[in-house]
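Only one structure is covered here, and it is reproduced in the block below.
In this note's numbering, the protein residues as written are 117 to 364.
Okay, structure coming up:
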């Protein structure tokens with residue numbers, strides 16, 4: 117019976133990803149038109165809110181399908197808090213979508229190549245997301261954004277988790293916190309599904325429904341000893357991440 121329904125369920129799951137791509141394309145084309153028309157500050161507000169509410173709509177549609185369930189309501193407590201860094205573990209390609217959907221004032225760090233793409237990067241440019249052209253430039257832009265009251269969503273692992281419980285944390289987040297004098301709010305993304313984790317093919321059907329939930333952790337104040345704080349954060353996540361689910 118499972119094999120009988122495997123193909124239509126796989127196609128339905130791919131259709132959800134296609135829907136995400138269509139929604140993203142529509143917003144990026146809209147942002148391409150808005151970018152030269154809106155002043156920087158106004159464009160930033162519109163761009164970040166547009167991305168957040170677009171992702172929120174996607175999660176509502178995904179949830180209505182019954183195939184993907186997400187509970188990220190805990191993030192609503194921070195949606196209006198200025199000068200805040202939110203760091204999370206990174207089990208899936210969908211992680212940034214989960215967080216940004218509930219944080220309409222937040223920025224992410226984007227690959228420079230994607231930011232320079234005239235179509236795919238239009239929404240990120242309008243929202244004034246942070247480019248990663250160079251570590252120094254990335255840190256400078258992130259600090260400036262936080263000092264102007266922004267929020268920053270970061271995944272210190274740098275890529276999706278490849279080993280349990282977490283990958284080694286990359287430097288940068290604690291230096292940004294120090295320079296911006298911004299606290300670090302920890303966030304745990306819990307899932308038992310391997311879907312869209314590192315090495316998971318998008319066409320492979322995982323156990324359904326796919327469930328994600330967002331859990332708040334402790335808040336860490338910025339410290340002058342950024343290396344010590346980074347080690348403390350890594351140890352905290354290593355102890356707090358839940359075991360992975362099945363991979364078959």
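Even glycine gets a Cβ: it sits at the ideal position worked out from N, Cα and C. On a predicted model such as this, the values are computed, not experimentally measured, just so you know.
Exercise. So what does DSSP say about residue 367, is it helix, strand or coil?
Worked result: Within the shown structure, residues of the chain are numbered from 117 to 364, placing residue 367 beyond reach of any answer.
Problem set entry | Contact check, residue 339 vs residue 294, beta carbons under 8 Å | Their beta carbons are under 8 Å apart, which means residue 339 touches residue 294 by this criterion.
Exercise. Is residue 184 helix, strand or coil when you go by DSSP?
Worked result: Residue 184: strand per DSSP, three-state reduction.
Problem set entry | Own chain residues within Cβ distance below 7 Å of residue 332, not counting five before or after | Around residue 332: 190 and 303.
Exercise. Which residues in the same chain as residue 364 place their Cβ atom closer than 7 Å to its Cβ, once the five residues preceding and following it in sequence are excluded?
Worked result: Note on residue 364: pLDDT 44, under 50, position unreliable in the model; no value is reported.
For this session: Could you check what DSSP says for residue 194 in three-state terms: helix, strand or coil?
Result: helix
Exercise. Under 8 Å between the Cβ atoms of residue 230 and residue 312?
Worked result: no
For this session: Starting from the Cα of residue 140, find the closest Cα among 126, 128 and 172 and give me that residue.
Result: 172
Problem set entry | Alpha carbon of residue 159 to alpha carbon of residue 143, nearest angstrom | 13 Å
Exercise. Candidates 319, 300, 325 and 203: which alpha carbon is nearest residue 275's?
Worked result: 203
Exercise. Would you call the CB atoms of residue 350 and residue 271 closer than 8 Å?
Worked result: no
Problem set entry | Helix, strand or coil at residue 333 according to DSSP, with G and I counted as helix | strand
For this session: In angstroms with no decimal places, state the Cα-to-Cα distance between residue 192 and residue 145.
Result: 28 Å
Exercise. How is residue 244 classed by DSSP in three states: helix, strand or coil?
Worked result: coil
For this session: Please name the residue in 245, 281, 123 and 296 whose C-alpha comes closest to that of residue 157.
Result: For residue 157, the nearest C-alpha among the options comes from 245.
Exercise. Do the stretch 172-188 and the stretch 232-241 meet, that is, are 3 or more Cβ pairs less than 8 Å apart?
Worked result: Cβ pair count under 8 Å is below three, so no.
Problem set entry | Whole-angstrom distance between residue 298 and residue 212, CA atom to CA atom | 20 Å
For this session: Return helix, strand or coil for residue 118, following the three-state DSSP convention.
Result: Residue placement at residue 118 is poorly supported in this model, since its pLDDT is 46, which falls under 50; the coordinates still yield a value, given next. Residue 118 falls in the helix class under three-state DSSP.
For this session: Would you kindly work out how many angstroms separate the C-alpha atoms of residue 125 and residue 321, rounded to a whole number?
Result: Distance between the alpha carbons of residue 125 and residue 321 is about 7 Å.
For this session: Measure the C-alpha to C-alpha separation of residue 131 and residue 227 and round it to an integer number of angstroms.
Result: 26 Å
Exercise. Which partner residues of residue 328 appear in the DSSP bridge assignment?
Worked result: 186 and 307
Problem set entry | CA-to-CA distance, residue 282 to residue 289, given in whole angstroms | Going by the C-alpha atoms only, they are around 16 Å apart.
For this session: Using a threshold of 8 Å, state whether the C-beta atoms of residue 265 and residue 198 are closer than that.
Result: Cβ distance < 8 Å, so residue 265 and residue 198 count as in contact.
Problem set entry | Enclosing alpha helix (DSSP H) for residue 201 [first to last residue] | No alpha helix (DSSP H) holds residue 201; the beta strand (DSSP E) holding it covers 200-204.
Exercise. Beta-carbon separation of residue 309 and residue 323 under 8 Å?
Worked result: yes
For this session: Could you tell me the distance, in whole angstroms, from the CA atom of residue 319 to the CA atom of residue 237?
Result: 25 Å
For this session: Measure the C-alpha to C-alpha separation of residue 201 and residue 305 and round it to an integer number of angstroms.
Result: 16 Å
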